[in-house]
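Novice: Quick one: the structure is below, and I'll ask about it shortly.
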Amino acid sequence: MSWVTKTLKSTLGRKLIMALTGLFLILFLTGHVAGNLQLFYNDGGEAFNIYAKFMTTNPVVKILSYLTYLSVIGHVIYSIGLSRLNQAARPVGYAVSGSSTNSSAASRNMGILGTIILLFLVGHMYSFWYQMHWGAIPTVTYEGETYKDLYSVVQIAFQQTWMVVLYVIAMGFLAFHLSHGFASAFQTLGWNHAKYSPAIRAVGLVYCIVVPILFAAMPVYIYFNS
Amino acid sequence: MKLTLKIWRQKNASDKGGFATYPVDHVSKDMSFLEMLDVLNEELTEKGEDPVHFDHDCREGICGTCSLVINGKPHGPLQTTTCQLHMRSFEDGQSITIEPWRAKAFPVVKDLVVDRYAFDRIIQAGGYVNINTGGVPDANEIPIPKTIADLAMDAAQCIGCGACVAACKNASAMLFTSAKVSQLALLPQGQVERKTRVEKMVAQMDAEGFGACTNTGACEAECPKGISLTNIARMNREYFSASLTSENV
Ligand code: HEM
Ligand code: SF4
Ligand code: FES
């Protein structure tokens, strides 16, 4: 085995992949939430549609989006491998569990939280990403240029109560995943330092509250404003 | 005190095992947890039954031999070793469930005794310094800053009990291994084998079948010696940088 595969097959190497892909997904979420804030403009969707076109055509964004797909796939595949390894490490469990006294519920259920996020992601990608790329969606024209009207697709989707409820709940799960994941990724990378760890934990706490709330606010806002 | 003990009984490694319930009476609040089990075992022996097997040695909290998951907590409700846990931490009439450490790498030998040689093999893989140390050196012959010496001493407090593995949902041995890596990586004497050591110890840890780390922090919370998670971060740094720069292709 070469030293590269040896490292990446070790428990530490596998965790390194989890942390790096997880952090990349956090970067992605940051960009995604910032861009989608344009849904709050009261401009009939012009800014959002122009942005959506840019995001599907710009070459730099293309590279970033491929990295994002790769990160999701890598994160999920490695999480399956690690979860199986971790379960195999304790074939016989305890009759009485005291785990609630020594660790957070989110940290103990990253796999379940992640699986729910994955199910949500599949549905979410189908509703918007697939429609934007290959679906038959209406077009609009701004200053002589034609744009796919993704804004109207979003508007229609979020007039359905169940969709709004689903999105809000899914963002709750994302918040819990990140409440542990954010700081955990830095610990995995070895970035545990008396000077910086408190700041990392604080940023992680703010991030896992603010970002899911902003995401959840979008369907709610559209639901009550259309 | 009167107590009801629900204890894991298992004849040998291949036996399936199961819980047996024992009422015990006349337990003093000042007894240690192990002394309470001694009382039970005397009664069992008098009745001609097989006493409950459990590990213990120093009974003063320094050797790391005692174990037991007590009501779901390794070494019981306090952050100490089972031998240093006293019955005043329990209430009269309480029911107490006692289980062995549970991990694939720690197979049950009998009842509550588990085989912890996996830890020894991790140490054998690299947790030592390969130089002839000779006689006791003069004080301060090798200058080591106090802050660094303190960190190394903190890591060296690990008594190898395995409570970290028992507490971890993944039965991971990262806290133990990282303490053993850290205590040598921090000191000048440990520099020669620094990179090879962490590579070999991590490889052995994985080969033993311990789980990976999810950073839940359960190990740190249950460790009787207060070994900190910063050691795991240090081991990760040591490992990743050794992977990139050691001569071991
Ligand atoms: C946008 C979505 C996601 C983000 C931002 C994200 C982020 C993270 C981060 C930062 C970590 C911490 C890594 C570490 O401890 O080193 C993590 C851990 C984890 N993630 Fe995700 N994740 C996402 C989606 C998913 C999905 C879809 C799954 C899976 C099915 C998943 C499963 C896991 C698991 C099982 C862990 C814990 C691994 C372990 O330490 O044992 N995540 N995630
Ligand atoms: S790190 Fe703590 S819990 Fe783990 S073996 Fe060492 S002393 Fe025991
Ligand atoms: S018997 Fe030695 S630490 Fe408990």
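First to last, the sequence lines map onto chains W and V.
Counting in the working numbering, the first sequence runs from 1 upward without gaps.
Counting in the working numbering, the second sequence runs from 1001 upward without gaps.
A virtual CB, placed ideally from N, CA and C, is assigned to each residue, including glycine.
Can you tell me whether residue 198 of chain W is buried or exposed, with buried defined as 16 or more other CB within 10 angstroms of its CB?
Specialist: Residue 198 of chain W comes out exposed.
Novice: Does the stretch 179-199 of chain W come into contact with the stretch 117-125 of chain W, if we say contact requires no fewer than three beta-carbon pairs (one atom in each stretch) closer than 8 Å?
Specialist: These segments do not touch.
Novice: When the Cα atoms are used, what is the spatial distance from residue 1073 of chain V to residue 1046 of chain V?
Specialist: Taking the straight line from one Cα to the other gives about 30 Å.
Novice: Kindly indicate which residue of V:1040, V:1027, V:1193 and V:1163 has the alpha-carbon position closest to the one of residue 1007 of chain V.
Specialist: Taking only the C-alpha atoms, the option nearest residue 1007 of chain V is V:1040.
Novice: By the criterion of Cβ-Cβ separation under 8 Å, what are the contact partners of residue 1206 of chain V in chain W?
Specialist: Within chain W, the residues near residue 1206 of chain V are 10 and 11.
Novice: Report the three-state DSSP secondary structure of residue 1014 of chain V (helix, strand or coil).
Specialist: It is coil, neither helix nor strand.
Novice: Provide the residue(s) that pair with residue 1008 of chain V in DSSP beta bridges, ordered along the chain.
Specialist: Per DSSP, V:1019.
Novice: As a quick exercise: from V:1140, V:1123 and V:1233, pick the residue whose alpha carbon is nearest that of residue 236 of chain W.
Specialist: Residue 236 of chain W lies beyond the range of chain W shown here (1 to 226); nothing can be said about it.
Novice: Is the shortest distance between the beta-carbon of residue 90 of chain W and the beta-carbons of chain V less than 8 Å?
Specialist: Yes, its Cβ sits closer than 8 Å to a Cβ of chain V.
Novice: If you count every other CB in all the chains shown that lies within 10 Å of the CB of residue 41 of chain W, and 16 or more means buried, which is it?
Specialist: Exposed, because fewer than 16 other Cβ atoms sit within 10 Å of the Cβ of residue 41 of chain W.
Novice: Got a sec, what are the start and stop residues for the beta strand (DSSP E) residue 1110 of chain V sits in?
Specialist: Where residue 1110 of chain V is concerned, the enclosing beta strand (DSSP E) stretches over 1108-1110.
Novice: Alpha carbon to alpha carbon, how far is residue 1193 of chain V from residue 25 of chain W?
Specialist: One C-alpha to the other measures close to 37 Å.
Novice: Please go through the stretch 1182-1226 of chain V and give each complete alpha helix (DSSP H) segment of 4 or more residues, from N-terminal end onward.
Specialist: Counting only runs of 4 or more, we get 1194-1207 and 1218-1222.
Novice: Report the option in W:108, W:39, W:219 and W:89 whose CA atom is closest to the CA atom of residue 1214 of chain V.
Specialist: Cα-wise, what sits closest to residue 1214 of chain V is W:108.
Novice: Can you have a look at residue 1222 of chain V and say buried or exposed, based on whether 16 or more other CB atoms are within 10 angstroms of its CB?
Specialist: Per the 10 Å Cβ criterion, buried.
Novice: I need the DSSP call for residue 1099 of chain V, collapsed to helix, strand or coil.
Specialist: Residue 1099 of chain V: strand per DSSP, three-state reduction.
Novice: With hydrogens ignored, establish whether the beta-carbon of residue 15 of chain W is closer than 7 Å to any heavy atom of the ligand HEM.
Specialist: Flag set: Cβ of residue 15 of chain W near the ligand HEM.
Novice: Between the stretch 113-136 of chain W and chain V, which residues of the former have CB atoms less than 9 Å from a CB of the latter, in chain order?
Specialist: Within the stretch 113-136 of chain W, no residue qualifies.
Novice: Comparing the C-beta of residue 1247 of chain V with each C-beta of chain W, is any distance below 8 Å?
Specialist: Chain W, which has no Cβ nearer than 8 Å to the Cβ of residue 1247 of chain V, makes this no.
Novice: Is the separation between the beta-carbon of residue 189 of chain W and that of residue 1236 of chain V shorter than 8 Å?
Specialist: Result yes, Cβ atoms of residue 189 of chain W and residue 1236 of chain V sit closer than 8 Å.
Novice: Which chain W residues sit within Cβ distance under 9 Å of residue 1210 of chain V?
Specialist: 11 and 89, listed in chain order.
Novice: Could you name each continuous alpha helix (DSSP H) segment of 4 residues or more that falls completely within the stretch 148-206 of chain W, going from the start of the chain to the end?
Specialist: Entirely contained in the stretch 148-206 of chain W, the alpha helix (DSSP H) runs reaching 4 residues are, in chain order, 150-157 and 161-189.
Novice: Do you know how far the Cα of residue 43 of chain W is from the Cα of residue 30 of chain W?
Specialist: Looking at the two C-alpha atoms, the distance is approximately 23 Å.
Novice: Got a sec: is the Cβ-Cβ distance from residue 1243 of chain V to anything in chain W below 8 Å?
Specialist: Closer than 8 Å: yes.
Novice: When you compare each of V:1123, V:1118, V:1004 and V:1147 to residue 1179 of chain V by their alpha carbons, which one comes out closest?
Specialist: When only C-alpha atoms are compared, the closest one is V:1123.
Novice: Drop a sphere of 10 angstroms on the beta-carbon of residue 162 of chain W, count the other beta-carbons inside from all chains shown, and report buried for 16 or more, exposed for fewer.
Specialist: With fewer than 16 other Cβ atoms within 10 Å, it is exposed.
Novice: Please list, in chain order, all residues of the same chain as residue 1112 of chain V whose beta carbon is under 8 Å from its beta carbon, the five residues on each side excluded.
Specialist: Once the five neighbours on either side are set aside, the close Cβ partners of residue 1112 of chain V are 1007, 1008, 1052, 1053, 1054, 1055, 1067, 1068, 1098, 1099 and 1100.
Novice: At a cut-off of 7 Å, is residue 1064 of chain V close to the ligand SF4 when judged by its beta-carbon and the heavy atoms of the ligand?
Specialist: Yes, the ligand SF4 has a heavy atom inside 7 Å of this Cβ.
Novice: Can you tell me whether residue 1168 of chain V is buried or exposed? The criterion is at least 16 other CB atoms within 10 Å of its CB, across all chains shown.
Specialist: Answer is buried; the Cβ neighbour count reaches 16.
Novice: Go to residue 1239 of chain V, then tell me how far its alpha helix (DSSP H) extends in each direction, as first and last residue.
Specialist: Residues 1230-1245.
Novice: In chain order, what residues of the same chain lie with their CB nearer than 7 Å to the CB of residue 1116 of chain V, ignoring the 5 residues before and after it?
Specialist: Correct list, in chain order: 1106 and 1162.
Novice: Between which two residues does the alpha helix (DSSP H) carrying residue 141 of chain W extend?
Specialist: Careful: residue 141 of chain W lies outside any alpha helix (DSSP H), inside the beta strand (DSSP E) at 139-142.
Novice: Given the structure, does residue 1159 of chain V come close to the ligand FES, in the sense that its CB is under 7 Å from one of the ligand's heavy atoms?
Specialist: Yes - the ligand FES has a heavy atom lying nearer than 7 Å to the Cβ of residue 1159 of chain V.
Novice: So who's on the other strand from residue 146 of chain W, going by DSSP bridges?
Specialist: Note: residue 146 of chain W sits in a beta bridge opposite W:141.
Novice: Using Cβ-Cβ distances below 7 Å, what residues of the stretch 1058-1081 of chain V are close to chain W?
Specialist: Cβ contacts with chain W come from 1069, 1071, 1072 and 1073.
Novice: At a CB distance below 9 Å, what residues from the stretch 1026-1044 of chain V approach chain W? Give them in sequence order.
Specialist: So nothing in the stretch comes that close.
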